[in-house]
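Number of protein chains: 2
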Amino acid sequence: MAEHAPSLSANHEEKLERLLATAAEIFAEKGYHHASIRDLSRRAGVSLSGIYYYFSSKQELLFMIQDRSLRTVLSELKRKLAGIDHPEEKLRILIQNHVGFFAQKMAAMRVLTHEYDALEGGYRDKIRDLRLEYSNLCTEILRELRRSTGAGDVAPLNVATSALFGMMNSIHARYQSGTVPAERLAEHLYRLFLGGFIGHSPRSASVGRRAD
Amino acid sequence: MAEHAPSLSANHEEKLERLLATAAEIFAEKGYHHASIRDLSRRAGVSLSGIYYYFSSKQELLFMIQDRSLRTVLSELKRKLAGIDHPEEKLRILIQNHVGFFAQKMAAMRVLTHEYDALEGGYRDKIRDLRLEYSNLCTEILRELRRSTGAGDVAPLNVATSALFGMMNSIHARYQSGTVPAERLAEHLYRLFLGGFIGHSPRSASVGRRAD
DNA sequence: AGGTTGACCGATCGAGCGTTCGACCCACCC
DNA sequence: GGGTGGGTCGAACGCTCGATCGGTCAACCT
Numbered sequence: 025m026a027e028h029a030p031s032l033s034a035n036h037e038e039k040l041e042r043l044l045a046t047a048a049e050i051f052a053e054k055g056y057h058h059a060s061i062r063d064l065s066r067r068a069g070v071s072l073s074g075i076y077y078y079f080s081s082k083q084e085l086l087f088m089i090q091d092r093s094l095r096t097v098l099s100e101l102k103r104k105l106a107g108i109d110h111p112e113e114k115l116r117i118l119i120q121n122h123v124g125f126f127a128q129k130m131a132a133m134r135v136l137t138h139e140y141d142a143l144e145g146g147y148r149d150k151i152r153d154l155r156l157e158y159s160n161l162c163t164e165i166l167r168e169l170r171r172s173t174g175a176g177d178v179a180p181l182n183v184a185t186s187a188l189f190g191m192m193n194s195i196h197a198r199y200q201s202g203t204v205p206a207e208r209l210a211e212h213l214y215r216l217f218l219g220g221f222i223g224h225s226p227r228s229a230s231v232g233r234r235a236d
Numbered sequence: 025m026a027e028h029a030p031s032l033s034a035n036h037e038e039k040l041e042r043l044l045a046t047a048a049e050i051f052a053e054k055g056y057h058h059a060s061i062r063d064l065s066r067r068a069g070v071s072l073s074g075i076y077y078y079f080s081s082k083q084e085l086l087f088m089i090q091d092r093s094l095r096t097v098l099s100e101l102k103r104k105l106a107g108i109d110h111p112e113e114k115l116r117i118l119i120q121n122h123v124g125f126f127a128q129k130m131a132a133m134r135v136l137t138h139e140y141d142a143l144e145g146g147y148r149d150k151i152r153d154l155r156l157e158y159s160n161l162c163t164e165i166l167r168e169l170r171r172s173t174g175a176g177d178v179a180p181l182n183v184a185t186s187a188l189f190g191m192m193n194s195i196h197a198r199y200q201s202g203t204v205p206a207e208r209l210a211e212h213l214y215r216l217f218l219g220g221f222i223g224h225s226p227r228s229a230s231v232g233r234r235a236d
């Protein structure tokens, strides 16, 4: 009232957000193609055509879920990385951030990792670019890490990056039934990956070399 | 002709196999729910109703693809593991076997890893059991490995198993465009995982409790 | 009061889906 | 020749889906 107009706009945005969250749940449960707008309509208590007031198509709905999740993960990560120098710490932050979002927004993250192929045309291109940016950021951290530790290349950087994301994303199955807190899980994955990436002479036992 | 009857039966089995392979391609490309029997009918050059002479339903088609792939991977793995004593060698064989199948039967393996959720009822149960057997076999190897190297637990065994499968399955994206031969890729993943799993104990304080 | 607009709905359309059914073809056996 | 059964097909059924369209109704503006 006092302000320009955002009171109505805020309601709109709020409901849109609620619809997105509900849609993410349904997509996560049944998969994009198997889920119907009618499912969303029922669970959200909105008429079928009412959905189309907020989204122009089912594709756009899927896109917005993935776009928002990915942007949030990325911007949060960049914020946390600001001012950090040690590559090891950067890697730890990346893993904590990623795993943390899985624990916090499981449905949306599951849609993000499972339904990329369901995107079409321009929507797919935009998400592809964001994923690439995320992936490149990770690869750069690994490059720094390898340089600073003077480790040989156990694996090419792109393979290592791909493996790391594979590890992190595999936890959705593990997490659902597990009561392991996210920070602990992230710490496990951090050690698991870091140890392998830095590498150590396979045959010689080399115990207790460095302390961080 | 000279033999009993298997000439007809062999033709049958042959065509069934061809249909399975073609269906795997389509499922891998478009996803199970998005792919239609009509797609398969067109690409295989068989009439729509002709498909139903070989398969009783779309679900059974999906099940047979996953069942055959998983059984082949598992039995090949067991065969290769026979007579091997060193846990490190066992792990290497497991990874080589898994990655090798991805390179060899990419479409079917992609369906196996991507379309588990698309299975329903009894079909899902059967595949779940096979996956569990595979996963348990892996966990046992990791348990031996940890015992024989005297390494502390960097991560609980179930987390490590899950991470390993996540790593291995993530390569389908990497492999499609890559020209890296499968054995090389497997070797990279082997080193990457082994180094982290054995760990080089930064401070050895053994964070986690024992995993059962 | 009259007009405009944002928010929402019921009814419906056209398309595509998995599956079924009855009919054909043809190689084989009596 | 007549029958039998494996293999194949065209046409159709019943259903669900994403999307559209005209209408309603309260809130606001003038």
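Keeping their order, the protein sequence lines are chains A and B. Mapped onto the numbering used here, the consecutive letters of the first sequence carry residue numbers 25 to 236. Mapped onto the numbering used here, the consecutive letters of the second sequence carry residue numbers 25 to 236. For each residue, glycine too, the CB sits at the ideal point set by N, CA and C.
Item                                                                                                                                                                                  : Value
Which class does Glu37 of chain A belong to by DSSP, given the choice of helix, strand or coil?                                                                                       : helix
Using three-state DSSP, classify Gly107 of chain B as helix, strand or coil.                                                                                                          : coil
What are the complete alpha helix (DSSP H) segments, minimum 4 residues, inside the stretch 55–134 of chain A?                                                                        : 61–68, 72–78, 82–105 and 111–128
Suppose the cutoff is 6 Å on Cβ atoms and the five residues either side in sequence are ignored; what does the same chain contact list for Ala52 of chain B look like?                : Ala131, Arg134 and Val135
In chain A, which residues lie with their C-beta within 7 Å of the C-beta of Arg171 of chain B?                                                                                       : Simply none; closest approach about 15 Å.
Under a three-way DSSP split, which group does Thr143 of chain B fall into?                                                                                                           : According to the sequence provided, residue 143 of chain B is Leu. The question's Thr does not apply to it. In this structure, Leu143 of chain B counts as coil in the three-state DSSP scheme.
Taking the alpha helix (DSSP H) that Ser194 of chain B falls in, what are its first and last residues?                                                                                : Note, Ser194 of chain B: premise wrong, no alpha helix (DSSP H); not H, not E.
Using the rule of at least 16 other Cβ atoms within 10 Å of the residue's Cβ for burial, across every protein chain shown, is Asp177 of chain A buried or exposed?                    : exposed
Alpha carbon to alpha carbon, what distance is there between Ala142 of chain A and Tyr78 of chain B?                                                                                  : 29 Å
Within the same chain, show all residues whose beta-carbon is closer than 6 Å to that of Glu168 of chain B, passing over the 5 residues directly before and after it, in chain order. : Pro111
In the DSSP assignment, find the alpha helix (DSSP H) that holds Ala210 of chain A and state where it starts and stops.                                                               : Ala206 to Ile222
Quick one: which residues of the stretch 183–196 of chain B get their C-beta closer than 7 Å to a C-beta of chain A? List them in chain order.                                        : Val183, Ala184, Ser186, Ala187, Phe189, Gly190, Met191, Asn193, Ser194 and Ile195
With 16 other CB atoms within 10 Å as the buried threshold, where does His196 of chain B fall?                                                                                        : buried
If you draw a straight line from the alpha carbon of Ile89 of chain B to that of Lys39 of chain A, how long is it in whole angstroms?                                                 : 42 Å
Ignore the nearest five residues each way along the sequence and tell me which others in Ile61 of chain B's own chain have a CB closer than 7 Å to its CB.                            : Leu72, Ile75 and Lys82
Taking just the CA atoms, how far does Arg103 of chain B sit from Asn121 of chain B?                                                                                                  : 11 Å
Decide yes or no for the touch test of the stretch 160–167 of chain B against the stretch 178–189 of chain B: beta carbon pairs closer than 8 Å, at least 3 of them.                  : yes
With distances taken from CA atoms, which of A:Glu144, A:Ala106 and A:Ala210 is nearest Phe189 of chain A?                                                                            : A:Ala210
Can you tell me the Cα-Cα spacing of Ala45 of chain A and Lys129 of chain A, whole angstroms?                                                                                         : 9 Å
Rounded to whole angstroms, what is the Cα-Cα separation between Arg208 of chain B and Phe125 of chain B?                                                                             : 14 Å
Given that a residue counts as buried once 16 or more other Cβ atoms are within 10 Å of its Cβ, and exposed if not, what is Arg227 of chain A?                                        : Model confidence at Arg227 of chain A stands at a pLDDT of 42, short of 50, so the residue's coordinates are unreliable and nothing is read from them.
Could you list the residues in the stretch 122–137 of chain B with a C-beta less than 9 Å from some C-beta on chain A, going in chain order?                                          : none
Below 8 Å on C-beta distance, what does Ala179 of chain B contact in chain A?                                                                                                         : His212, Leu213, Arg215 and Leu216
Sorted by chain position, which residues of the same chain lie with C-beta nearer than 7 Å to His58 of chain A's C-beta, five sequence neighbours on each side aside?                 : none
Kindly indicate if chain B contains any beta-carbon less than 8 Å away from that of Gly146 of chain A.                                                                                : no
Comparing alpha-carbon positions, which option in A:Met191, A:Ile50, A:Arg42 and A:Leu118 lies nearest Ile165 of chain A?                                                             : A:Leu118
To the nearest angstrom, how far is the alpha carbon of Ala179 of chain A from that of Phe217 of chain B?                                                                             : 11 Å
Quick one: what does DSSP say Ala175 of chain A is sitting in, helix, strand or coil?                                                                                                 : coil
Just the Cα atoms here: how many angstroms apart are Leu85 of chain B and Leu115 of chain A?                                                                                          : 43 Å
Find the residues of chain A that neighbour Asp141 of chain B, judging by a C-beta separation of less than 7 Å, and give them in chain order.                                         : Gly55
For a cutoff of 8 Å on Cβ pairs, would you count His110 of chain B as touching chain A?                                                                                               : no
Rounding to the nearest angstrom, what Cα-Cα distance links Asn193 of chain A and Ala34 of chain B in this structure?                                                                 : 43 Å
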